[in-house]
Amino acid sequence: IIHDHHPPVMQTMVQAKEGDTVRVHYTGKLEDGTVFDASSEESPLEFTIGEGEIIPGFEQAVIGMEPGEARTARIPPEEAYGSHRDDMMLTVDRGEVPEEINPEPGQQLQIQMPGERTAIVTVSDISESTVTLDANHPLAGEPLTFDIQLVDIIQQAAPAHPR
14 IIHDHHPPVM QTMVQAKEGD TVRVHYTGKL EDGTVFDASS EESPLEFTIG
64 EGEIIPGFEQ AVIGMEPGEA RTARIPPEEA YGSHRDDMML TVDRGEVPEE
114 INPEPGQQLQ IQMPGERTAI VTVSDISEST VTLDANHPLA GEPLTFDIQL
164 VDIIQQAAPA HPR
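If you read the sequence shown in this note's numbering, its first letter stands for residue 14, the second for the next number, and so on.
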């Protein structure tokens, strides 16, 4: 008996890699399940892997995904917004706060830094005489969980030329 052996049809699945421009839908959650950010149905997040536009752990999670694939990635603080640093805490005299601002814990303020830079700070504590400001990113020190779906790869990185 003669069997017809047909070789399997091989298809290379396209996987996201460094340098690719991708579109993803995502939902970001804190440890307690609180959603802190999500893409909208209409507008997925578009970015180029490896350009540092987004947190490193999120970029790493997308590498190797195929269009249509979904995964959940737990990202430690070191690969997200960093550890919460005490040297980013600033205590100022109550008199240095402009009179029109009535600071409350949790309130975000924009402050002028030396050299024309502005920074967003969060009021963390208030006493009779001082106001403590936190210049850490609000998500610093937090492990984050992202549900990510790769919508598509809109531009592939140019292949590296062999020397």
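Glycine included, C-beta positions come from ideal geometry on N, C-alpha and C.
Remember, it's a predicted structure, so these values are computed and weren't measured experimentally.
Assumed close pair residue i, residue j - CB separation to whole angstroms, cut-off 8 angstroms
i, j, result
"E79", "V35", "Going by Cβ atoms, the distance from E79 to V35 rounds to 11 angstroms, so no, they are not a contact pair."
"A93", "L157", "5 angstroms"
"V75", "V37", "6 angstroms"
"S140", "D106", "Contact flag wrong, Cβ pair sits at about 11 angstroms."
"P57", "V164", "5 angstroms"
Backbone secondary structure at residue i - three-state DSSP
i, result
"R36", "strand"
"M78", "coil"
"G70", "helix"
"D99", "helix"
"G65", "coil"
"G128", "helix"
Among the options, nearest to residue i - alpha-carbon criterion
i, options, result
"H150", "V144, I161, V136, S142", "V136"
"A86", "Q121, P69, D100", "P69"
"G45", "S56, E129, E155", "The sequence shown places Asp at residue 45, not Gly. The option with the nearest alpha carbon to D45 is E155."
"G63", "E55, S56, Q73", "Q73"
"L43", "P90, D100, G77", "P90"
"M101", "A132, E66, E117", "A132"
C-beta contact flag for residue i and residue j at 9 angstroms
i, j, result
"E147", "L103", "According to the sequence shown, residue 147 is Asp rather than Glu. Going by C-beta atoms, D147 is nearer than 9 angstroms to L103."
"I183", "F159", "Because the chain is modelled from 14 through 176, residue 183 falls outside the range shown and cannot be assessed."
"I167", "F71", "no"
"Q121", "V110", "no"
"M61", "A51", "One detail in the question is off: residue 61 reads as Thr in this sequence, not Met. No. Outside cutoff."
Chain-order list of residues whose beta-carbon lies under 7 angstroms from that of residue i (same chain, five-residue window excluded)
i, result
"A170", "K30, E31, G32, D33"
"G119", "T135, V136"
Residue i Cβ short of 8 angstroms to the ligand MG heavy atom set
i, result
"L43", "For the ligand MG, the structure offers nothing, since it holds no ligand at all."
Close Cβ partners of residue i (< 6 angstroms) along its chain, the five nearest in sequence each way excluded
i, result
"E59", "R36"
"H97", "N149, A153, G154"
"I124", "A132, V134"
"R184", "Any question about residue 184 goes unanswered here, given that the chain covers just 14 to 176."
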